[in-house]
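See structure below.
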Amino acid sequence: MHELSLCRSIHDIVDRARDGRRVRAVNLQVGQLRQVVPDTLTYCWGLVCAEGPLAGSELVVDHVPVVLDCRDCGERTTAAHVLVLTCASCGSGAVDLRSGEELLVTSLDVVKEH
Amino acid sequence: MGRFHRHDDGTEHDHGPGHDHGRGHDVGDLTAYETGTERVVVLERIFDENDRAAADNRAVLDGAGVTAVNLMSSPGAGKTTLLVRTLEHLREVGLRAGVVEGDIETSIDADRLTGLGAQVSLLNTGDGFGGECHLDAPMVARALAHLDLAALDVLLVENVGNLVCPAEFDVGAHRRVMVASITEGEDKPLKYPVMFRSVELVLVNKMDLLPHLDVDLDLFRRNVLSVNPDAELVEVSARTGDGLDRWHDWLDTVVRG
Chain X
83 MHELSLCRSI HDIVDRARDG RRVRAVNLQV GQLRQVVPDT LTYCWGLVCA EGPLAGSELV
143 VDHVPVVLDC RDCGERTTAA HVLVLTCASC GSGAVDLRSG EELLVTSLDV VKEH
Chain R
746 MGRFHRHDDG TEHDHGPGHD HGRGHDVGDL TAYETGTERV VVLERIFDEN DRAAADNRAV
806 LDGAGVTAVN LMSSPGAGKT TLLVRTLEHL REVGLRAGVV EGDIETSIDA DRLTGLGAQV
866 SLLNTGDGFG GECHLDAPMV ARALAHLDLA ALDVLLVENV GNLVCPAEFD VGAHRRVMVA
926 SITEGEDKPL KYPVMFRSVE LVLVNKMDLL PHLDVDLDLF RRNVLSVNPD AELVEVSART
986 GDGLDRWHDW LDTVVRG
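Protein chains in written order, with the working numbering: chain X, 83 to 196; chain R, 746 to 1002.
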């Protein structure tokens, strides 16, 4: 529901980072614990960029799984489901989150200047 | 040669023809990448700007000696009724209160809070681009500018009623609390784990309705603790006032620190 806000933030980050260059693609990392609907994000990106310098650029979302470190058995596992934040090896709930909360612009693909 | 691609684990490779990279990686027109595209590393968190504004808000509040609590819930959980009770309590114990009232369009909630001795700053989020479903830190910064912080001990931020977006935005408050009413069902913590994980205290409201409902409170409690093992739950009825002592004690302790 806040994809529009996110797209405005992404737009500002990209517009600063592109340094006048034309952007073909914006690469994002979105952790699975982030409440982002990819289709809505793409739709909002179109709205936010319409007719501006970023019009036609593409959002490429890399989904980052939830990875947990277990304090009991020491195993590092990937959560089977975002609602089950327990160790996939021993079932312990004493876990530290290692990934899954990312929300960042990792890079831009820009048109090369000749 | 196809499109260059780097994975999270640092490995890099090119996408050759027919390479199936799975969902979410629409590589588009490969020839364009081949001829004239270069990658610029950015690595900037999308919430950085909000989080910087939130840190600024916290610094302003700290400078004025004000403790701020971000109060979140779904629509209709009873935040405003609870706030009315809370403001009455704070006035009784001599703590000076302010409220930032987040509401998409109306001043109905803010009107309910007037005359209770608190400074109220209304934020209508509907003026924003698309009508925001949450408060963010820059919005709260604008509300803070309308309050006399030197004359306050505690600031209660009533967020927009919504269990999704407010959980994601740090507004610069010191503590995060949610109101969950027992009419909402036992499964809400499982459906909105990010919200339930983001708070330290869950006020379980509308306990006066318990005789009329089939709700399983033990299951609700287990569901909360399964997504947030550190959460504290306090059962209250904002309508009758039952159980509010524990919430008021919690708040007084937090404010007097």
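Even glycine gets a Cβ: it sits at the ideal position worked out from N, Cα and C.
Identify the contact partners of residue i in chain X, using a Cβ-Cβ distance below 7 Å as the criterion.
i         : result
R:Leu-880 : The contacting residues do not exist; R:Leu-880 stays about 11 Å from chain X at best.
R:Gly-906 : Near R:Gly-906 there are no residues of chain X at all, since even the closest Cβ is about 12 Å away, more than 7 Å.
R:Val-939 : Leu-115, Gln-117
Is there a C-beta anywhere in chain X that falls below 8 Å from the one on residue i?
i         : result
R:Trp-995 : no
R:Arg-784 : yes
R:Pro-820 : no
R:Ile-849 : no
R:Arg-797 : no
R:Gly-781 : yes
Taking 8 Å as the CB-CB cut-off, is residue i touching chain R?
i         : result
X:Gln-117 : yes
X:Thr-188 : yes
X:Ala-99  : yes
X:His-93  : no
X:Val-193 : yes
X:Val-148 : no
X:Ser-139 : no
X:Ser-174 : no
X:Ser-171 : no
X:Leu-88  : yes
X:Arg-158 : no
So what does DSSP say about residue i, is it helix, strand or coil?
i         : result
X:Arg-103 : coil
X:Gln-169 : It is Cys, not Gln, that sits at residue 169 of chain X in the sequence shown. Three-state DSSP puts X:Cys-169 in coil, outside helix and strand.
X:Asp-178 : strand
X:Cys-155 : coil
R:Gly-983 : In the sequence as presented, Gly is not what sits at residue 983 of chain R; that position holds Ala. Coil.
R:Val-905 : coil
X:Glu-85  : helix
R:Val-805 : helix
R:Gly-767 : In this prediction, R:Gly-767 scores a pLDDT of 39, lower than 50, which makes its location untrustworthy; the coordinate-derived value is nonetheless stated afterwards. Note: R:Gly-767 maps to coil in three-state DSSP.
R:Thr-870 : helix
X:Val-128 : The amino acid occupying residue 128 of chain X in the given sequence is Gly; Val does not appear at that position. X:Gly-128 falls in the helix class under three-state DSSP.
X:Asn-109 : strand
R:Gly-847 : strand
R:Leu-775 : Because R:Leu-775 carries a pLDDT of 47, less than 50, the predicted location of this residue cannot be relied on, and no value is offered for it.
On the DSSP bridge list, what partners appear for residue i?
i         : result
R:Ala-813 : R:Leu-900
R:Met-940 : Bridge partners of R:Met-940: none, in fact.
R:Val-947 : R:Met-923, R:Leu-978
R:Ala-842 : R:Val-899
X:Gln-114 : Paired residues: none, contrary to the question.
X:Gly-134 : Partner(s): none; X:Gly-134 has no beta bridge.
R:Arg-790 : X:Leu-186
What does residue i touch in chain R if you count any residue whose Cβ is under 7 Å from its own?
i         : result
X:Gly-128 : Residues of chain R passing the Cβ test: none, with the nearest at roughly 14 Å.
X:Leu-185 : Arg-790, Ile-791, Phe-792
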